[in-house]
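Residue numbers (full-length UniProt numbering): 1 to 342.
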């Protein structure tokens, strides 16, 4: 089989990652239909090269040029596809912009995704990371995903249980599902919608707006206002959102830390463990607003690492490692990065 004619070579990736890291791909293909995927994986030439599936580039850190083929998923389309007695089912293609899709569901009069407003990235990437914010995670609203399996060339459907969701994790980040390419995602949105105000900061902000019983759009608008106040716009300052996961420790370890650090921010989990606030740990180690080369920690939110202009992937990695070392030295807690290093 001849190489696909639409493949481009030495393709610049700076505009395709929200960190704004300058890097090039040996080969690049903008994927607008599944036939292109089938063609790539049926071709021995392309199968022999490393492959990187890229959506919105909001959860990736490019540490250098990519020597293989970048498959940029640009599949489009969204629709209400039915439902059952309790839920509406809404499907979106993997290449749809996540925030635009959330806003579209609200325009259809469908609540359920509003707490995840303004999260950068694409619909297809949302289950991989099990994205979450303000008391909601993808696992809470996902019905099923359609995936292309390059191992046998078959397209299949996976339900939520098969996705193996955990905190900022899924089967798609593990060996068993790492090669699966998500084509579209179907969400189950409640017919009897109620605002999800379990997250204290959101509940307080909604109350301050004077909403006795907020609409889904009002909750979304409140979330958007909070995020814009706290987080940098990737179009202005390169970043990948929260760079570290909030570490989960045992109750005993948390108790020991509280004896030494009474102000420690922690949240009890259903399984008896305790989730610590990574941003607080980083801030207490003095990193908020500090720079290392052209990479830095955002002055308004210590959980966000930023590209102040011209930062390399290596500089961001060095900054992340310095932060991890300081948090470990002071608290004995390991911080795990959220973005995928490539």
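Ideal Cβ positions, reconstructed from N, Cα and C, are used throughout, including at glycine.
Using the C-alpha atoms, what's the distance from residue j back to residue i?
i, j, result
"residue 343", "residue 182", "Because the chain here runs from 1 to 342, residue 343 falls outside it and cannot be looked at."
"residue 90", "residue 102", "11 Å"
"residue 24", "residue 46", "17 Å"
"residue 290", "residue 21", "19 Å"
"residue 196", "residue 189", "13 Å"
"residue 341", "residue 248", "22 Å"
"residue 260", "residue 136", "32 Å"
"residue 297", "residue 180", "33 Å"
"residue 265", "residue 150", "43 Å"
"residue 238", "residue 308", "7 Å"
"residue 176", "residue 224", "35 Å"
"residue 306", "residue 84", "44 Å"
"residue 162", "residue 9", "36 Å"
"residue 40", "residue 140", "34 Å"
"residue 212", "residue 200", "16 Å"
"residue 95", "residue 123", "6 Å"
Identify whether residue i lies in helix, strand or coil by the three-state DSSP scheme.
i, result
"residue 228", "helix"
"residue 330", "helix"
"residue 233", "coil"
"residue 115", "helix"
"residue 12", "strand"
"residue 240", "strand"
"residue 216", "helix"
"residue 285", "coil"
"residue 262", "coil"
"residue 309", "coil"
"residue 209", "coil"
"residue 1", "Low local confidence applies: a pLDDT of 38 at residue 1 is under 50, so the model's placement there is unreliable, and no value is given."
"residue 201", "helix"
"residue 55", "coil"
"residue 86", "coil"
"residue 134", "coil"
Under 8 Å from any heavy atom of the ligand NAD, does the C-beta of residue i make it?
i, result
"residue 286", "Only the bare structure without any ligand can be found here, which leaves the ligand NAD out of the picture."
Could you name the residues of the same chain whose beta carbon sits closer than 8 Å to that of residue i, not counting the 5 residues immediately before and after it, in chain order?
i, result
"residue 338", "59, 129, 168, 240, 241, 242, 243, 244 and 245"
"residue 49", "26, 27, 67, 68 and 69"
"residue 209", "218 and 222"
"residue 315", "292, 293, 294 and 295"
"residue 30", "6, 72 and 74"
Judging by CA-CA distance, which residue of the options is the nearest neighbour of residue i?
i, options, result
"residue 146", "97, 132, 324 and 125", "125"
"residue 14", "331, 142 and 313", "313"
"residue 32", "77, 266, 64 and 100", "77"
"residue 391", "269, 255 and 270", "Beyond the ends of the chain as shown, which are 1 and 342, falls residue 391; an answer cannot be given."
"residue 304", "326, 280, 310 and 257", "280"
"residue 345", "202, 148, 274 and 144", "No information on residue 345 is available, as it lies outside the stretch 1 to 342 that the chain covers here."
"residue 271", "166, 36 and 160", "166"
"residue 348", "193, 148 and 322", "Residue numbering for the chain in the displayed model covers 1 to 342; residue 348 lies beyond these limits and cannot be assessed."
"residue 333", "278, 150 and 185", "278"
"residue 152", "331, 38 and 287", "38"
"residue 287", "43, 175, 326 and 160", "326"
"residue 284", "311, 324, 253 and 9", "324"
"residue 310", "212, 62, 231 and 123", "62"
"residue 17", "171, 220, 65 and 161", "65"
"residue 328", "51, 159 and 282", "282"
Which whole-angstrom value describes the C-beta separation of residue i and residue j, a residue pair presumed to lie in contact below a C-beta threshold of 8 Å?
i, j, result
"residue 187", "residue 142", "6 Å"
"residue 191", "residue 86", "6 Å"
"residue 230", "residue 321", "At roughly 25 Å, the Cβ-Cβ gap does not stay under 8 Å, so residue 230 and residue 321 are not in contact."
"residue 127", "residue 206", "Actually they are not in contact, since the Cβ atoms of residue 127 and residue 206 sit about 27 Å apart, beyond 8 Å."
"residue 131", "residue 116", "6 Å"
Can you find the residues in the same chain that come closer than 7 Å, C-beta to C-beta, to residue i, ignoring five residues on each side of it along the sequence?
i, result
"residue 227", "118"
"residue 121", "55, 56, 58, 59 and 98"
To which residues of the same chain is residue i closer than 6 Å at the C-beta, ignoring the five residues directly before and after it?
i, result
"residue 113", "102 and 105"
"residue 336", "245"
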